[in-house]
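Worksheet: one structure, shown below.
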């Protein structure tokens with residue numbers, strides 16, 4: 011299926027450390043997106059990377075995409091307690107966006 | 255979140271009730287979506303509307319009935335639901351399919 015799978019399922023780090031989350035998928039895609047969700051709230055779009063791009067930056071976020079391995083990573087640098095949330099990758103290909111199960115990130119002050 | 259609003263934010267209903275969820279987007283987008291988010295399960299796409307026309311129905315039971323009267327409004331009519339339908343129902347919109355989606359805050363539905 012096109013569904014992305016995030017790894018790890020949960021991640022706990024100290025404030026100031028970097029957090030890396032990975033996403034793997036199975037079919038060809040047009041783009042891959044990362045979203046953030048605070049507990050019980052709507053998702054917020056973070057960044058979109060197209061299939062012909064390899065790396066993209068936005069503030070403290072860095073996203074990479076390797077289409078040959080069908081994988082992506084999201085790096086959050088210098089994490090803050092406010093970064094505590096669930097992070098989802100979503101792939102867009104022949105079907106509308108398909109979301110993974112997410113990585114639950116906890117940043118401890 | 256102010257770009258996409260959802261009402262009500264919380265809803266408790268019995269299995270024999272009929273209720274409706276409302277979504278409104280103020281972003282001028284032409285595509286709207288309904289998702290279901292249950293605990294420990296991936297976000298599930300339910301319906302997609304493009305220019306008020308339904309373009310995707312992801313094998314959703316008929317007890318969920320969507321309505322899109324115009325590009326800015328989307329409803330989800332609920333009747334004779336089951337307890338397993340309890341979940342967070344999220345609405346989203348996008349300018350075109352495939353681009354980033356903007357989500358509402360969701361309606362937390364509990365079916366008793």
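Residue numbers (the working numbering), protein chains in the order written: chain A, 11 to 119; chain B, 255 to 366. Yeah, the Cβ is synthetic: ideal placement off N, Cα and C, and Gly gets one too. Computed from a prediction, not measured in an experiment: that's the story for all the values here.
Pick helix, strand or coil for residue i, following the three-state DSSP scheme.
i: residue 341 (chain B); result: strand
i: residue 255 (chain B); result: At residue 255 (chain B) the pLDDT is 47, less than 50, meaning the model places this residue with poor confidence; the figure from the coordinates comes in the next sentence. Residue 255 (chain B): coil per DSSP, three-state reduction.
i: residue 272 (chain B); result: strand
i: residue 92 (chain A); result: helix
i: residue 386 (chain B); result: Nothing about residue 386 (chain B) can be read from this structure; chain B reaches only from 255 to 366.
i: residue 56 (chain A); result: strand
i: residue 64 (chain A); result: coil
Comparing the C-beta of residue i with each C-beta of chain B, is any distance below 8 angstroms?
i: residue 69 (chain A); result: no
i: residue 53 (chain A); result: yes
i: residue 26 (chain A); result: no
i: residue 84 (chain A); result: no
i: residue 58 (chain A); result: yes
Going by the DSSP bridge assignment, what does residue i pair with across the sheet?
i: residue 39 (chain A); result: According to DSSP, residue 39 (chain A) bridges with nothing at all.
i: residue 296 (chain B); result: Answer by DSSP bridge pairing: none, since residue 296 (chain B) is not bridged.
i: residue 261 (chain B); result: B:276
i: residue 309 (chain B); result: For residue 309 (chain B), which the question treats as bridged, DSSP gives no partner whatsoever.
What residues in its chain sit with their C-beta under 8 angstroms from that of residue i, if we drop five residues either side in the sequence?
i: residue 64 (chain A); result: 74, 75 and 76
i: residue 267 (chain B); result: 273, 332, 335, 363, 364, 365 and 366
i: residue 291 (chain B); result: 297, 298, 341, 342, 343, 344 and 360
Ignore the nearest five residues each way along the sequence and tell me which others in residue i's own chain have a CB closer than 6 angstroms to its CB.
i: residue 280 (chain B); result: 257
i: residue 331 (chain B); result: 274 and 319
i: residue 322 (chain B); result: 303, 306 and 328
i: residue 309 (chain B); result: 302
i: residue 59 (chain A); result: 42, 66, 73 and 75
i: residue 24 (chain A); result: 118
i: residue 314 (chain B); result: 300
Near residue i, what residues of its chain come up, given a Cβ to Cβ distance below 7 angstroms and the 5 sequence neighbours on each side ignored?
i: residue 61 (chain A); result: 39, 40, 41 and 77
i: residue 324 (chain B); result: 306
i: residue 80 (chain A); result: 34, 35 and 36
Report, in whole angstroms, the separation of the C-beta atoms of residue i and residue j, which I expect to be a contact under 8 angstroms.
i: residue 84 (chain A); j: residue 44 (chain A); result: 5 angstroms
i: residue 286 (chain B); j: residue 335 (chain B); result: Going by Cβ atoms, the distance from residue 286 (chain B) to residue 335 (chain B) rounds to 21 angstroms, so no, they are not a contact pair.
i: residue 288 (chain B); j: residue 342 (chain B); result: Between residue 342 (chain B) and residue 288 (chain B) the Cβ distance is about 12 angstroms, and since that is not below 8 angstroms, they are no contact.
i: residue 29 (chain A); j: residue 89 (chain A); result: 5 angstroms
i: residue 110 (chain A); j: residue 15 (chain A); result: 5 angstroms
i: residue 355 (chain B); j: residue 55 (chain A); result: 7 angstroms
So, does the CB of residue i fall closer than 8 angstroms to a CB anywhere in chain A?
i: residue 354 (chain B); result: yes
i: residue 367 (chain B); result: Because chain B is modelled from 255 through 366, residue 367 (chain B) falls outside the range shown and cannot be assessed.
i: residue 262 (chain B); result: no
i: residue 365 (chain B); result: no
i: residue 310 (chain B); result: yes
i: residue 301 (chain B); result: no
i: residue 318 (chain B); result: no
i: residue 357 (chain B); result: yes
i: residue 255 (chain B); result: At residue 255 (chain B) the pLDDT is 47, less than 50, meaning the model places this residue with poor confidence; the figure from the coordinates comes in the next sentence. It does: the Cβ of residue 255 (chain B) has a partner Cβ on chain A nearer than 8 angstroms.
For residue i and chain C, any beta-carbon pair shorter than 8 angstroms?
i: residue 266 (chain B); result: Structure shown: chain C not included; protein chains present are A and B.
When every heavy atom of the ligand FAD is checked, does at least one fall within less than 7 angstroms of the C-beta of residue i?
i: residue 18 (chain A); result: Only the bare structure without any ligand can be found here, which leaves the ligand FAD out of the picture.
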